[in-house]
Structure formats: C-alpha cells, structure tokens
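One structure is given below, encoded as structure tokens.
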Ligand SMILES: *Cc1c(COP(=O)(O)O)cnc(C)c1O
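In our numbering, the protein residues as written are 898 to 1120.
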C-alpha cells in the first residue's frame, strides 16, 4: 500500500500550531483513510455526496467530514445529518438550504464562504463584491442552524508562486475586512481555508488556519 502514514507525518511536521489539516480523501479507498486515522487524523474532506455517504457509513463515527466541493442544493439534505463543515458556500440560496436542512436535523452546521479570487481554475465562489453583498443584505443573521466560521479559497493552478501568494494575501486582507465589519464579536469566525498539495507552503505564510491536502498524503488520485 502507498505510504500514507509517512506522507501524512511529512505534512503534519511542517504545520505550525493552530493550523489544522483537512485530509482530502476523495477517490481514495477506505484503507487509506484508516491508515491516516490510525495516526490520529480526524478531519477528512470529500467532494461528492455519494462517495461521502458511503465512507461516512463504513468508517469510524468520530471522523469529522468536510464537504469541500461544489454542493448542489438538492444534495444538501443527504449530508446535513452528519457533515461537520460545508467549506464551499457560494450563494445565499445554498446557505438557506443548509440552514433549512440543518434545522430539520436539529443541528447547527459549520460553513465557510467560498471566495472567487483566482484568475482561472474555477468558476465557483463569490467575488469579493458578491460576498460583501451577501453579508450586507443580512438574512444570514437570522439563520439559527448555520454558523459562518470563515472563508475558503482556491488559488489559481499556476506555477507562478508570486501570483498564488498575491491571491492568498487578497483573501487574507478580505478576511480581516469581513471579520471587523461583520464578525468582530463572533469568535467562531476564525477560519481561513487555503492551501493544497502544491501551494500549502505559501498558504502557511499567508495566514491559513486550515489546509486541504490530498495528493501529498494519499498519492495521485485514480479517477
Ligand atoms: C481536491 C481538492 C483539494 C486537494 O487537492 P490536492 O492537490 O490533492 O491536495 C483541496 N481543495 C479542494 C476544494 C479540492 O477539490
């Protein structure tokens, strides 16, 4: 088997205190997840509802599952009973649906707002302006069953390290703005989710509190 444990520790060894690892296990088998679990890893990220459901049902119940991909509103009801965090909320419509389904389950679901900063690589996420608009509009303040815990972004998939750094710094500055304008009295709003296998060293220099790393731990995905 691929040396999951060795690679996991290579990543964990360089994470500063206060930065958490979301081990991105999409397309990887349960035995890989269990190998990381045995080393104490508890937060895993998946991006497809059915795959997540199967893994949730067959793996230890103290795993915290993060949904990291684009989530369609009609899939929210399936993950609402157990998901620990929805990382990529990119519309008010999706936020409303998570709140509604969480209420039905008697839960409060943690979410991050996904920013679109990258010049390419994704069509999802809120522009900074759309994010401000969502927060200004204020409906989220009435939502009792979602907790907005911070911001998430994916940098452009490019070799240019300075571009990646610029995008992450934009996200960090925007986090500070949003924190002071809307969440100054809310300690739960504290997460900055950026950094993947190829760019997490830059993420650690630009204030990430949560890195989402798949390939560097589990090896290449077999689709
Ligand atoms: C797949 C994925 C990751 C992990 O990517 P790696 O390059 O394998 O580390 C992180 N974030 C999101 C949103 C993803 O879809």
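Using N, Cα and C, we set each Cβ at its ideal position, and we do this for glycine too.
Asked                                                                                                                                                                      : Found
For residue 932, I'd like the list of residues in its chain whose CB is within less than 6 Å of its CB, leaving aside the five on either flank, ordered along the chain.   : 901 and 902
Measuring only the C-alpha atoms, how far is residue 1091 from residue 1035?                                                                                               : 25 Å
Sort 967, 1049, 923 and 1022 by Cα distance to residue 1106 and report the nearest one.                                                                                    : 1049
Once DSSP output is grouped into helix, strand and coil, what is the label at residue 939?                                                                                 : coil
DSSP three-state call for residue 984: helix, strand or coil?                                                                                                              : strand
For residue 982, which of 963, 910 and 1038 has the nearest alpha-carbon?                                                                                                  : 963
Closer than 7 Å to a non-hydrogen atom of ligand 1 - does that hold for the CB of residue 1056?                                                                            : no
To the nearest angstrom, report how far apart residue 1112 and residue 921 are at their CA atoms.                                                                          : 8 Å
Spatial neighbours of residue 1120 within its chain, please: CB distance less than 7 Å, with the 5 preceding and 5 following residues excluded, ordered by chain position. : 924
Can you check the segment 1009-1059 for any alpha helix (DSSP H) of at least 4 residues that lies completely inside it and give the ranges in chain order?                 : 1025-1034
Mark residue 944 as exposed unless 16 or more other C-beta atoms lie within 10 angstroms of its C-beta, in which case mark it buried.                                      : buried
Extract the residue ranges of the beta strand (DSSP E) inside the segment 919-966, only unbroken runs of 3 or more that lie entirely within it.                            : 940-943 and 961-964
Quick one: grab the DSSP three-state call for residue 1094.                                                                                                                : coil
Here's the rule: buried if 16 or more other CB atoms are within 10 angstroms of the residue's CB, otherwise exposed. What is residue 919?                                  : buried
Less than 7 Å between C-beta atoms, sequence neighbours within five positions excluded: which residues of the same chain meet that for residue 913?                        : 1101
Decide if residue 1024 is buried, meaning its Cβ has at least 16 other Cβ atoms within 10 Å, or exposed.                                                                   : exposed
Residue 1012 and residue 1002 - do their beta-carbons sit closer together than 8 Å?                                                                                        : no
Give me the Cβ distance between residue 1052 and residue 1015, rounded to the nearest whole Å; I'm assuming they're in contact under 8 Å.                                  : 6 Å
Under the three-state reduction of DSSP, which class applies to residue 1089: helix, strand or coil?                                                                       : strand
Can you find the residues in the same chain that come closer than 6 Å, C-beta to C-beta, to residue 1116, ignoring five residues on each side of it along the sequence?    : 899
Leaving out the 5 sequence neighbours to the left and right, which residues in its chain are closer than 7 Å to residue 1017 when beta-carbon positions are compared?      : 1053
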